[in-house]
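Reading through the structure tokens given below for one structure.
In this note's numbering, the protein residues as written are 202 to 321.
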């Protein structure tokens with residue numbers, strides 16, 4: 202009795218499908234491991250000032266959203282204002298479209314450092 206060629210083709214296709222799934226799972230695990238490594242590497246840096254006395258880029262997002270709710274006419278003002286949320290260093294200027302502020306407003310429920318970590 203000879204084996205049916207259809208059976209061997211089906212088995213080959215099943216092995217290929219299993220290999221595809223294994224490859225995809227391997228890629229996902231590698232991406233998650235790389236993401237964890239990058240987060241652990243970058244985490245100590247987020248608490249430091251970017252250069253000189255200027256805060257990180259996130260300060261522009263956070264202060265823009267803060268000003269949108271507390272002083273909307275000053276959203277695009279450069280530098281710190283007396284009524285701003287206290288951030289170590291001088292916040293970066295907000296220079297993004299106003300619609301971006303709507304994405305950032307929920308982060309105001311957290312203090313600055315927690316929002317920064319969550320955003321990253």
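The beta carbon of each residue, even a glycine, is placed where N, CA and C say it ideally should be.
Cα-Cα separation between residue i and residue j, rounded to whole angstroms
{"i": "residue 211", "j": "residue 220", "result": "14 Å"}
{"i": "residue 319", "j": "residue 241", "result": "14 Å"}
{"i": "residue 209", "j": "residue 228", "result": "29 Å"}
{"i": "residue 261", "j": "residue 278", "result": "10 Å"}
Residue i - DSSP class collapsed to helix/strand/coil
{"i": "residue 291", "result": "strand"}
{"i": "residue 241", "result": "helix"}
{"i": "residue 278", "result": "coil"}
{"i": "residue 208", "result": "helix"}
{"i": "residue 186", "result": "Past the boundaries of the shown model lies residue 186; the chain is included only from 202 to 321, so the question cannot be answered."}
Cβ-Cβ distance between residue i and residue j below 8 Å
{"i": "residue 286", "j": "residue 244", "result": "no"}
{"i": "residue 264", "j": "residue 238", "result": "no"}
{"i": "residue 267", "j": "residue 225", "result": "no"}
{"i": "residue 269", "j": "residue 302", "result": "yes"}
Element boundaries [alpha helix (DSSP H), containing residue i]
{"i": "residue 315", "result": "313-320"}
{"i": "residue 266", "result": "259-271"}
{"i": "residue 308", "result": "Careful: residue 308 lies outside any alpha helix (DSSP H) and carries neither H nor E."}
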